[in-house]
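Number of protein chains: 2
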Amino acid sequence: MKQSLLFTKTSKDTPKDEVSKNAILLMRAGFVHKEMAGVYSYLPLGHRVIQNIKKIVAEEMEAIGSVELLMSSLQEKVVWEKTNRWDDEQVDIWFKSKLQNGTEIGFGWSHEEPITAMVAKHLSSYKDLPILVHQFQNKLRNEVRAKSGVMRGREFIMKDMYSYAANEKDHMDFYEAATQAYTKVFTRLGLGDITYVTSASGGVFTNKFSHEFQTLCEAGEDTIYVHDSKKLAINEEVFTDETLSALGEVRESFNPRTAAEVGNIFTFGTDKTEVFGARFKNTDGVEEYAYLGSYGIGISRVMGVIAEVCSDDKGIIWPESVAPFQVHILSLGSDTEATELYTEMKKAGIDVLFDDRDIGAGSKLADADLIGIPYRVIVSKKAFDAGGYEVKKRIDSQSHVLNKDTLMSILISKKYD
Amino acid sequence: MKQSLLFTKTSKDTPKDEVSKNAILLMRAGFVHKEMAGVYSYLPLGHRVIQNIKKIVAEEMEAIGSVELLMSSLQEKVVWEKTNRWDDEQVDIWFKSKLQNGTEIGFGWSHEEPITAMVAKHLSSYKDLPILVHQFQNKLRNEVRAKSGVMRGREFIMKDMYSYAANEKDHMDFYEAATQAYTKVFTRLGLGDITYVTSASGGVFTNKFSHEFQTLCEAGEDTIYVHDSKKLAINEEVFTDETLSALGEVRESFNPRTAAEVGNIFTFGTDKTEVFGARFKNTDGVEEYAYLGSYGIGISRVMGVIAEVCSDDKGIIWPESVAPFQVHILSLGSDTEATELYTEMKKAGIDVLFDDRDIGAGSKLADADLIGIPYRVIVSKKAFDAGGYEVKKRIDSQSHVLNKDTLMSILISKKYD
Chain A
1 MKQSLLFTKT SKDTPKDEVS KNAILLMRAG FVHKEMAGVY SYLPLGHRVI
51 QNIKKIVAEE MEAIGSVELL MSSLQEKVVW EKTNRWDDEQ VDIWFKSKLQ
101 NGTEIGFGWS HEEPITAMVA KHLSSYKDLP ILVHQFQNKL RNEVRAKSGV
151 MRGREFIMKD MYSYAANEKD HMDFYEAATQ AYTKVFTRLG LGDITYVTSA
201 SGGVFTNKFS HEFQTLCEAG EDTIYVHDSK KLAINEEVFT DETLSALGEV
251 RESFNPRTAA EVGNIFTFGT DKTEVFGARF KNTDGVEEYA YLGSYGIGIS
301 RVMGVIAEVC SDDKGIIWPE SVAPFQVHIL SLGSDTEATE LYTEMKKAGI
351 DVLFDDRDIG AGSKLADADL IGIPYRVIVS KKAFDAGGYE VKKRIDSQSH
401 VLNKDTLMSI LISKKYD
Chain B
1 MKQSLLFTKT SKDTPKDEVS KNAILLMRAG FVHKEMAGVY SYLPLGHRVI
51 QNIKKIVAEE MEAIGSVELL MSSLQEKVVW EKTNRWDDEQ VDIWFKSKLQ
101 NGTEIGFGWS HEEPITAMVA KHLSSYKDLP ILVHQFQNKL RNEVRAKSGV
151 MRGREFIMKD MYSYAANEKD HMDFYEAATQ AYTKVFTRLG LGDITYVTSA
201 SGGVFTNKFS HEFQTLCEAG EDTIYVHDSK KLAINEEVFT DETLSALGEV
251 RESFNPRTAA EVGNIFTFGT DKTEVFGARF KNTDGVEEYA YLGSYGIGIS
301 RVMGVIAEVC SDDKGIIWPE SVAPFQVHIL SLGSDTEATE LYTEMKKAGI
351 DVLFDDRDIG AGSKLADADL IGIPYRVIVS KKAFDAGGYE VKKRIDSQSH
401 VLNKDTLMSI LISKKYD
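Chain order of the listed sequences is A and B. In this text, residue positions in the first sequence follow my numbering: the first is 1, and each later residue adds one. In this text, residue positions in the second sequence follow my numbering: the first is 1, and each later residue adds one.
What follows is the structure, given as structure tokens:
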């Protein structure tokens, strides 16, 4: 894409009223626009990052057999009253409004209840199970404070997945498959090394346990206890003698670290399916309730966490898997040659942003660092005289002059080092 | 996909409390789930149709240079007060709520105001123009009545596009390009023959005209006057002597027809950009306001219109371009052979649904007609004995027995008659 089509501008100034590093970087680089505290619109660059994150998550959920659907945002009061979660005393982040006839409605902050009510209507036999579905949904949560940028917004994009199983064994198989799939997701997102599966509640011996995926991040809201030599971590709430003894570990092996929750997996057992009548006849014709598991990944939160942990004082450093573009071509006074290279890369199927703007070299270089596309390619007379194009990875400090064939083959094969 | 993974069930019964044909068909076939009046969730089959419609629309918008973004659903009161559209007397379909600190907020029923406020912050020079952006957004509208199924919901998916141009000529070029792009969209959606571009307001001589794309459909809410021999139609509101004389036509050449608005294009001139200060310095350094155009397509409405007009008494007949799958394999007692064919088709990249359920032949055939996938392939001993597979297009009444090579080459080339 030509950068002139983007319309968004970068900014050197820290946006006023914004305290979070991720939002400051994403706003300055033109990835998001702040509508109000905790509410951000995704500008073209940000939208591309979100789409890339969603694609990775979708692929891994589909790989374990999940099917995509999309639930409504508007929700019925009666559905949530059944689990006592309509009450503002129980759930303090509802946005509610009224239909013109006075009927109260809620805006979806979660979908466990409506999706279970819906599944109940389609479930009758053991043959209908297992069911595994996911969606990418805009959640609305009336948070009291919203100071973490896109990491905790009043409106955010979430992937939520739900499993319904006929028995505890199948249920645990899903739980394990989801854990593996999540691990793959965070590895592909470039966060594998700093993301831990943590025991979050209930311990390992109860029926209603849950786990979180926590990414080490100074802007996170959680404290986890990390065993540095093993890839092991425990949430603060369950960092107890009981948990440690169950794991055969001692308190001294763990260090507290600040982390952000990027994913979570819950088991609800049959609690909610009993409420909504999500039951089926087993092979003996006897009615049983399905086991429900719930699995979330904060899509827009992941974008924020990446901006926090993959950045330096010049700007963002996107992992290749989620970067809005793979290559950023900068023409420094060599527009014809740059346009040629851009056209050739597009033909080769390379995702490329071409800074074709009529502005100074310093601004182009600073913008490229701020926006953070993995490969920067400078087209200039100086580089030509040195034998080609000046290529630098955003993550490296050193640039190299490469001829066109070498450059193209590196970008197509993604083998550069 | 194996049909056993779908979890949704078809139903022979008309859902109670549902009066619209599109919703009845889509609910019975398992494409949507009704959450409440005017609010539908998209089940896996319905979600696939929506994704296919979005893909076609996205491709045609990108072809005229538009860039995708995603605005928030939560909107600020102050933005809408500027154009006097926060007032419930002016806009009677707002859903509103409050932040915990008491600040009123609205849920996006449209985005002309917020997007213009946002663009204003990025616009300073004529070099920044033109700007053309679009999004696929969940709109929320507090409709008094919601009796048209997914054709007029309280929550629905819309593609909205916005153009900002430096002068009236560029503005009109966008308007014309959008008209052409929309025509291509409706042709690709299989609705080309029954969709008309209608002059909707303002006539041809004013600055603030608009056009609609109206698809002939008994369930539509509009009346248009159609010139049967020319591809020409006029909305009821502007079917006046003045309009007719401007077009050089006479009243008698037109017949009233019921139609559904599937798209619309507006020009706002500089009305809104003046309010939000979306201005730029022209080549002489003089400040001017940008011209705004707004272009909508009701994505979920299109799904409803297709269900209305592309269906018979047995169910839906999806056009190939939007069908949830291209091929529906039904095994009638030949599961091994059917599984083989399914695997082969998947390898060949054919989008195929395989009815692997353990139910009777009559139910499978009735479900296939109700769901409405373009090609039905029956795998049975009877068909084998006759030389292969029994293939029928959903739109045809006659089936043919084809051998595997012929079948595969037809499906891959999509040349079957």
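Think of the CB as a built atom: it goes at the ideal place given N, C-alpha and C, for glycine as much as any other residue.
Check: Could you tell me how far apart the beta carbons of G315 (chain A) and L25 (chain A) are, in whole angstroms, since I believe they sit closer than 8 Å?; Outcome: 7 Å
Check: Take E287 (chain A) as the anchor and find which of A:Y295, A:G277, A:S163 has the nearest alpha-carbon.; Outcome: A:G277
Check: Pull up the CB-CB distance for M161 (chain B) and A178 (chain B), whole angstroms please, since I reckon it's below 8 Å.; Outcome: 7 Å
Check: What in chain A is Cβ-close to T10 (chain B), meaning under 9 Å?; Outcome: Near T10 (chain B) there are no residues of chain A at all, since even the closest Cβ is about 10 Å away, more than 9 Å.
Check: So is V204 (chain A) buried or exposed if we call it buried at 16+ other beta carbons inside 10 Å?; Outcome: The predicted model places V204 (chain A) with a pLDDT of 47, which falls under 50 and marks its position as unreliable; any figure quoted below should be read in that light. By the neighbour-count rule (16 or more Cβ atoms within 10 Å), V204 (chain A) is not buried but exposed.
Check: Determine contact between the segment 95-112 of chain B and the segment 121-130 of chain B, defined as no fewer than three beta-carbon pairs at a distance below 8 Å.; Outcome: no
Check: At a Cβ threshold of 8 Å, is Y42 (chain B) touching chain A?; Outcome: yes
Check: When the Cα atoms are used, what is the spatial distance from K121 (chain B) to I378 (chain A)?; Outcome: 29 Å
Check: Would you mind telling me which residues of chain A sit closer than 7 Å to V377 (chain B), beta carbon to beta carbon, in chain order?; Outcome: What V377 (chain B) touches in chain A: nothing, since even the nearest Cβ is about 22 Å away.
Check: Below 8 Å, can you find three or more Cβ-Cβ pairs linking the segment 311-327 of chain A to the segment 364-372 of chain A?; Outcome: yes
Check: Decide if Q90 (chain A) is buried, meaning its Cβ has at least 16 other Cβ atoms within 10 Å, or exposed.; Outcome: exposed
Check: Identify the residues that DSSP records as bridge partners of N138 (chain A): which are they?; Outcome: A:I157
Check: Cβ atoms of N138 (chain A) and H211 (chain A): under 8 Å apart, would you say?; Outcome: no
Check: Where do the N-terminal and C-terminal ends of the beta strand (DSSP E) with I378 (chain B) fall, by residue?; Outcome: 375-380
Check: Does the count of Cβ pairs from the segment 139-159 of chain B and the segment 104-114 of chain B closer than 8 Å reach three?; Outcome: yes
Check: Taking the alpha-carbon positions, what's the W318 (chain A) to A233 (chain B) distance?; Outcome: 51 Å
Check: Would you kindly report the start and end of the unbroken alpha helix (DSSP H) that includes A366 (chain A)?; Outcome: 361-371
Check: Spell out whether any CB of chain A is found under 8 Å from the CB atom of Q75 (chain B).; Outcome: yes
Check: Mind listing the chain B neighbours of N138 (chain A)? Cutoff is C-beta to C-beta under 8 Å, in chain order.; Outcome: S73, N138
Check: According to the neighbour-count rule (16 or more other Cβ atoms, all chains shown, within 10 Å of its Cβ), is V437 (chain B) buried or exposed?; Outcome: The question about residue 437 (chain B) has no answer here: the residues shown for chain B are numbered 1 through 417.
Check: Drop a sphere of 10 angstroms on the beta-carbon of V79 (chain B), count the other beta-carbons inside from all chains shown, and report buried for 16 or more, exposed for fewer.; Outcome: buried
Check: Residues bridged to G277 (chain B) by DSSP?; Outcome: DSSP lists no partner for G277 (chain B).
Check: Counting only Cβ pairs nearer than 8 Å, list the residues of chain B close to V67 (chain A).; Outcome: M1, L5, L6, F7, P44
Check: Going by DSSP in three states, A165 (chain A) sits in which element: helix, strand or coil?; Outcome: strand
Check: List the residues of chain A whose Cβ lies closer than 7 Å to the Cβ of H47 (chain B), in chain order.; Outcome: E68, L69, L70
Check: Counting only C-beta atoms, is F95 (chain A) closer than 8 Å to chain B at any point?; Outcome: yes
Check: If we count the other Cβ atoms within 10 Å of its Cβ and call it buried at 16 or more, is A63 (chain B) buried or exposed?; Outcome: exposed
Check: Q326 (chain A) by DSSP, collapsed to three states: which one?; Outcome: coil
Check: Determine the chain A residues that contact V144 (chain B) at a beta-carbon separation under 7 Å, and present them in chain order.; Outcome: Q100
Check: Quick check on this structure: which residue in B:F384, B:Q326, B:S397, B:S294 has the alpha carbon closest to the alpha carbon of K404 (chain B)?; Outcome: B:F384
Check: Within a Cβ cutoff of 7 Å, which residues of the same chain sit near N84 (chain B), ignoring the five residues on either side of it in sequence?; Outcome: Q90
Check: Between which two residues does the beta strand (DSSP E) holding I297 (chain B) run?; Outcome: 291-298
Check: Check whether the Cβ of E104 (chain B) lies closer than 8 Å to any Cβ atom in chain A.; Outcome: no
Check: With a 10 Å radius around its C-beta and 16 neighbouring C-beta atoms as the bar for buried, classify A348 (chain A) as buried or exposed.; Outcome: exposed
Check: Considering N255 (chain B), what are the terminal residues of the beta strand (DSSP E) in which it resides?; Outcome: 254-269
Check: Between which two residues does the beta strand (DSSP E) containing D222 (chain A) stretch?; Outcome: 222-227
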